[in-house]
Amino acid sequence: MPPAETVSAISRLTLFPLEELTVAYTTQSSDSRGLGDIAIVCVAEPNTVPGERLWQLAATMYANTPTTITLARWILTQCSRARICRSAQHPDQPHTKWTAELTRTVHLDALFANHEALRTGQITLH
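Counting from 413, one number per residue, gives the positions in the sequence shown under our numbering.
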């Protein structure tokens, strides 16, 4: 597995509970159009487990061993659900400064939930 990449930004974050995890979802763009085609989904504080836990959780949702693309789509579906079905207990946080240690990147085989890629890891909010 390649080394983690540290990324910092200020963007809208959607924080939501997923099983025992607190998950943060945001987007970045691969070019100047600002389409948000890269999803960044990370385990957030107070959890200290690695971002790989997202993939393990996704795998438990299937009876048979799913492909990496299927797992990525499941993770993205949870993020889309959380962003669309907002909760007063878990509101979006606009203009939030964060730093993420991204440990995994999956390029999807087709556009899914407006994303071409999913990057996961751990995130710290500032």
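Where is the CB? At the ideal position from N, CA and C, for every residue including glycine.
Query	Result
Beta-carbon proximity check, residue 452 vs residue 439, cutoff 8 Å	yes
Given residue 487 as reference, the closest of 457, 423, 468 once Cα atoms are compared	468
Proximity winner among 534, 495, 480, 496, relative to residue 513 (alpha-carbon distances)	534
Proximity below 8 Å, CB of residue 418 to CB of residue 508	no
DSSP beta-bridge partners of residue 505	425
Close Cβ partners of residue 504 (< 6 Å) along its chain, the five nearest in sequence each way excluded	424, 426
Whether residue 525 touches residue 428 by CB criterion (8 Å)	no
Classification of residue 490 by the beta-carbon crowding that lies within 10 angstroms, buried from 16 upward	buried
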